[in-house]
Structure formats: structure tokens, C-alpha cells
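In this note's numbering, the protein residues as written are 22 to 188.
Glycine is no exception: its CB is placed at the ideal position from the N, C-alpha and C atoms.
The block underneath contains the structure these notes are about, expressed in C-alpha cells.
Now the structure itself:
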């Protein structure tokens with residue numbers, strides 16, 4: 022199963038993502054969607070798993086969830102927008118991750134791409150960075166990986182160019 026993991030689009034889906042969306046089986050979005058049209062477009066392309074973020078409107082919140090847990094091939098995933106980073110968790114996100122008993126923890130919010138084993142939660146921590154045009158990041162990033170035989174394989178951090186626009 023091929024996965025594209027994005028976050029912090031802030032209302033903008035870069036056309037450079039289209040070729041990656043065509044090649045994947047599911048699209049996951051870790052929040053700060055920014056516009057309901059982003060949700061609608063992603064859902065029209067592939068099966069999705071989407072959580073809302075702190076900038077998302079009530080309308081987007083009704084279309085998505087604050088937190089998600091699911092299992093694929095024996096791997097348990099937990100996703101929320103704001104969680105902190107390994108060893109330095111925001112209270113609510115850290116509590117959700119601890120209680121989820123997941124193997125893979127997914128968040129966004131920081132606009133900083135991070136793939137790291139979390140020794141405190143004993144699982145893989147994924148933050149795809151930001152692929153939108155708003156924020157302080159200089160390069161738009163996302164993650165692509167496969168789930169094969171109950172393992173994360175072929176993890177790639179992909180850059181799709183410089184951020185344009187204002188904070």
C-alpha cells in the first residue's frame with residue numbers, strides 16, 4: 022500500500038503533488054487544511070485519512086476528525102495535528118498518542134519535516150512538514166512510503182520547491 026502524507030496546506034494544493042497522488046493508494050493529511058476545497062479534491066482522488074488543525078474552520082472540522090486511529094497490516098497508526106515532538110509533547114496530543122498504543126505517530130503543525138523513532142512512545146514519529154505556501158518554512162515537503170507486510174518501507178522525504186507567499 023502506497024501512502025502520501027501531507028500537512029499544513031493552508032488552502033493550497035501545489036500542482037506538483039498531482040503526479041504523486043496518482044501513484045498512491047491513500048492520501049493522509051495531518052491538519053491545517055485551510056479550505057474545504059482541499060478536502061473535497063483529496064477525497065475525489067483517493068481514499069483519505071484527514072485530521073483538522075488549529076486554523077481549520079468549523080465547516081472543515083465537521084468534514085474531518087481531530088484525532089484518528091486505525092490499523093493496516095497489523096500496524097496501528099495515530100494522527101492528530103498538534104502533538105509536539107518526540108520527548109517534548111503538547112499535553113493533549115501527547116496524551117492521545119500515549120493512550121493510542123500506536124506503532125506510528127503522525128502530526129503536523131510545526132512545518133518541520135521529521136521522521137524519527139520515538140523512544141518514549143516506542144514507535145515511529147512522522148511529521149511531513151508543510152506543503153503549503155503559508156508559514157515560516159522555506160521548502161515545501163511531504164512524505165511518501167509504503168506499508169508492506171506490516172512494516173513501513175521505502176520512506177521518502179520529498180521537496181517540491183520553495184514556499185511562496187507571505188506568512
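Simplified DSSP state of residue i, which is helix, strand or coil
{"i": "residue 70", "result": "strand"}
{"i": "residue 105", "result": "strand"}
{"i": "residue 63", "result": "helix"}
{"i": "residue 58", "result": "helix"}
{"i": "residue 116", "result": "helix"}
{"i": "residue 140", "result": "coil"}
Strand pairing of residue i, partner residues [DSSP]
{"i": "residue 30", "result": "None, per the DSSP bridge assignment."}
{"i": "residue 82", "result": "BP columns for residue 82 are empty, so no partner."}
{"i": "residue 98", "result": "91, 125"}
{"i": "residue 135", "result": "148"}
{"i": "residue 166", "result": "24"}
{"i": "residue 110", "result": "105"}
Cut-off 7 Å between Cβ atoms - residues of its own chain near residue i, not counting five sequence neighbours on either side
{"i": "residue 134", "result": "148, 149, 150, 162, 178"}
{"i": "residue 81", "result": "54, 57, 60, 73"}
Start-to-end residues for the alpha helix (DSSP H) that takes in residue i
{"i": "residue 159", "result": "Here residue 159 belongs to no alpha helix (DSSP H), and DSSP marks it neither H nor E."}
{"i": "residue 37", "result": "No alpha helix (DSSP H) contains residue 37, which DSSP labels as neither H nor E."}
Extent of the continuous beta strand (DSSP E) to which residue i belongs
{"i": "residue 172", "result": "172-183"}
{"i": "residue 50", "result": "47-50"}
Contacts around residue i, its chain only, beta-carbon distance under 6 Å, and the 5 residues preceding and following it disregarded
{"i": "residue 185", "result": "154"}
{"i": "residue 68", "result": "47"}
{"i": "residue 41", "result": "25"}
{"i": "residue 121", "result": "90, 99"}
Cut-off 8 Å between Cβ atoms - residues of its own chain near residue i, not counting five sequence neighbours on either side
{"i": "residue 91", "result": "70, 97, 98"}
{"i": "residue 86", "result": "71, 72, 73"}
Check: residue i C-beta below 8 Å from any heavy atom of the ligand SAH
{"i": "residue 111", "result": "This structure simply doesn't include the ligand SAH, nor any ligand for that matter."}
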